[in-house]
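For the sequence shown, our numbering begins at -2 and goes up steadily by one.
Everything on this sheet refers to the single structure shown next.
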Amino acid sequence: MAPTILITGATGFLGQYLIAAARKRWRVAGTFHRTRREDAERLLAGIDSGKIDLTDFRDVRDMLDAVRPKAVIHTAALADPNYCEQHPEESLRVNLQATVNLAGLCGDRRIPFIFTSTDLVFDGTHAPYAEDGPVSPLNLYGEHKALAEQTALDRYDEAAICRMPLLFGFSANGRIPFFQRMAGEFQAGRPMTLFGDEVRTPVSGAVAAAGLLLVAASGLEDITVNPKEMERVRGILHLGGRESLSRYEMGLQMLDILGLPPSLAEPISFRDVPAVAARAADVSLDSSRAYALGFDPPPIRTQIERLLGRRAEEKPNRER
Ligand SMILES: NC(=O)c1ccc[n+]([C@@H]2O[C@H](COP(=O)([O-])OP(=O)(O)OC[C@H]3O[C@@H](n4cnc5c(N)ncnc54)[C@H](OP(=O)(O)O)[C@@H]3O)[C@@H](O)[C@H]2O)c1
């Protein structure tokens, strides 16, 4: 029987893409938290799923004993920097404490633990950021994620810390990601303002999921865990794309693909929009180590075309 892989945050943006990709190969179990049960059942139809607050250590331990996963990919988080800035205690519990607890519990079981961190552990002034470079977070979200990375590794030195770049795609959980909003506005012929000076190395949700599964699969061999392979992927990995660009430049590519005028995208500066959490200018990731392991993101244009269904070969099973 295929091994069970546990995905926390299965109702989240990334969680949905991971579930779709992982179920092709593994038995998948997913967790959710505040999503209404009926919505979770719709989003996670066909997989084992459970509601849990990951900040409750005993509940997490009991869940691991019940599900007995062969690997855990931890995507559950409070991922909105502005929310974290305004709710520091909650961010500390979810983004730091829950992560460290999970790392420790996976360490006790010697199973692969893959933690999704963020490019926002960097301040945006010295891009591109290498996988072995020092962190320099500008806001609480980045600070708590950076602390979680180090403490999780202290607790379980085989953990894989995957720093994710800006992710784009569609979501069915009712929270509309920027790419989905952009596609909706442009296709309706409406203009949209987009940051022209906030630069990232984005990848689509599907490409990110493929990268995370590559890392998880390194530690799994059929139904057994292979410690040698886990060693290969332990530590910090960047799962960034190959191109540095702003949301405005992504918008221009989307307009070109859709055959719409570039004037529908209006560049603005993030410095002109007040935000609770400080924003970083350029957190482009150098993902050399992940590329050497086989992570291979396609060009951004190809990823956008796939999402918009403009690539014939993607039609039958294309990204949502
Ligand atoms: N999206 C991006 O562009 C991006 C960029 C860089 C890094 N990342 C990282 O990638 C990961 C996934 O991000 P995302 O955008 O998919 O996040 P998301 O859409 O906000 O989803 C977060 C998930 O975490 C769950 N969750 C939150 N608090 C929880 C708790 N106390 N107990 C259990 N589950 C809890 C949520 O469950 P409910 O919804 O059911 O409450 C949801 O499933 C995160 O680690 C994030 O930091 C994301």
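The beta carbon of each residue, even a glycine, is placed where N, CA and C say it ideally should be.
Where does the unbroken beta strand (DSSP E) through residue i begin, and where does it stop?
{"i": "Ile2", "result": "1 to 5"}
{"i": "Val25", "result": "24 to 29"}
{"i": "Ile108", "result": "Counting along the chain, Ile108 falls outside any beta strand (DSSP E), and DSSP gives it neither H nor E."}
{"i": "Ile233", "result": "232 to 235"}
{"i": "Val69", "result": "68 to 71"}
In the DSSP assignment, the alpha helix (DSSP H) including residue i goes from what residue to what residue?
{"i": "Arg263", "result": "It is worth fixing the name first, because residue 263 is Glu in this sequence and not Arg. First-last for Glu263: 262 to 265, but that is the beta strand (DSSP E), not the alpha helix (DSSP H)."}
{"i": "Ala287", "result": "285 to 290"}
{"i": "Ser88", "result": "85 to 88"}
{"i": "Asp253", "result": "244 to 255"}
{"i": "Arg276", "result": "Here Arg276 belongs to no alpha helix (DSSP H), and DSSP marks it neither H nor E."}
{"i": "Glu302", "result": "297 to 304"}
Taking Cβ positions only, does residue i come closer than 8 Å to chain E?
{"i": "Arg268", "result": "Looking for chain E here will not work: only one protein chain is present."}
So what's residue i in DSSP terms, helix, strand or just coil?
{"i": "Asp36", "result": "helix"}
{"i": "Met189", "result": "strand"}
{"i": "Lys142", "result": "helix"}
{"i": "Ile220", "result": "coil"}
{"i": "Gly12", "result": "helix"}
{"i": "Asp45", "result": "strand"}
{"i": "Asp269", "result": "helix"}
{"i": "Pro135", "result": "Looking at the sequence provided, one finds Leu at residue 135 rather than Pro. Coil."}
{"i": "Thr52", "result": "coil"}
{"i": "Leu102", "result": "helix"}
{"i": "Ser215", "result": "helix"}
{"i": "Leu75", "result": "coil"}
{"i": "Thr122", "result": "coil"}
{"i": "Glu316", "result": "Its pLDDT being 45, under 50, Glu316 is placed unreliably in this model, and the value from its coordinates should be taken loosely. Reduced to three states, the DSSP call for Glu316 is coil."}
{"i": "Met(-2)", "result": "coil"}
Return the Cβ separation of residue i and residue j in integer angstroms, given the expectation that the two are a contact with Cβ distance under 8 Å.
{"i": "Glu146", "j": "Leu234", "result": "In fact, because the Cβ distance is near 11 Å, the residues do not count as touching under 8 Å."}
{"i": "Asn92", "j": "Leu117", "result": "With a Cβ gap of about 11 Å, Asn92 and Leu117 do not count as contacting."}
{"i": "Ala206", "j": "Leu15", "result": "5 Å"}
{"i": "Ala63", "j": "Ser46", "result": "Between Ser46 and Ala63 the Cβ distance is about 13 Å, and since that is not below 8 Å, they are no contact."}
{"i": "Ala262", "j": "Leu249", "result": "6 Å"}
{"i": "Arg152", "j": "Gly101", "result": "4 Å"}
{"i": "Gly193", "j": "Tyr245", "result": "4 Å"}
{"i": "Ala213", "j": "Pro109", "result": "6 Å"}
{"i": "Ala157", "j": "Val230", "result": "5 Å"}
{"i": "Val132", "j": "Asn98", "result": "About 21 Å separates the two Cβ atoms, so there is no contact after all."}
{"i": "Thr72", "j": "Gly6", "result": "4 Å"}
{"i": "Leu191", "j": "Ile265", "result": "7 Å"}
{"i": "Arg24", "j": "Pro0", "result": "7 Å"}
{"i": "Ile49", "j": "Met60", "result": "6 Å"}
{"i": "Leu305", "j": "Ala185", "result": "Incorrect: roughly 14 Å between the Cβ atoms, too far for contact."}
Answer yes or no: the CB of residue i versus the heavy atoms of ligand 3, is any distance below 7 Å?
{"i": "Gly306", "result": "For ligand 3, the structure offers nothing, since it holds only ligand 1."}
Inset, instruction - Kindly confirm or deny that the segment 3 to 11 and the segment 193 to 206 touch, where touching means at least three C-beta pairs closer than 8 Å. - result: yes
Inset, instruction - Specify whether the segment 239 to 258 and the segment 82 to 94 touch according to this definition: at least 3 beta carbon pairs, one from each stretch, less than 8 Å apart. - result: For the pair of segments examined, the segment 239 to 258 was found not to touch the segment 82 to 94: the number of CB pairs separated by less than 8 Å stays below three.
Inset, instruction - Kindly confirm or deny that the segment 254 to 262 and the segment 167 to 176 touch, where touching means at least three C-beta pairs closer than 8 Å. - result: Segments in contact, no.
Inset, instruction - With a floor of 4 residues, list each alpha helix (DSSP H) that falls wholly inside the segment 151 to 210, ordered by position along the chain. - result: 175 to 184
Inset, instruction - Spell out a yes or no on whether the segment 142 to 157 and the segment 105 to 114 are touching, meaning 3 or more CB-CB pairs, one atom from each, closer than 8 Å. - result: yes
Legend entry - contact_flag[the segment 268 to 278, the segment 131 to 140] where n(CB pairs < 8 Å) is 3 or more: yes
Inset, instruction - Would you check if there are 3 or more beta carbon pairs closer than 8 Å linking the segment 215 to 223 to the segment 65 to 73? - result: yes
Inset, instruction - Determine contact between the segment 181 to 201 and the segment 294 to 310, defined as no fewer than three beta-carbon pairs at a distance below 8 Å. - result: yes
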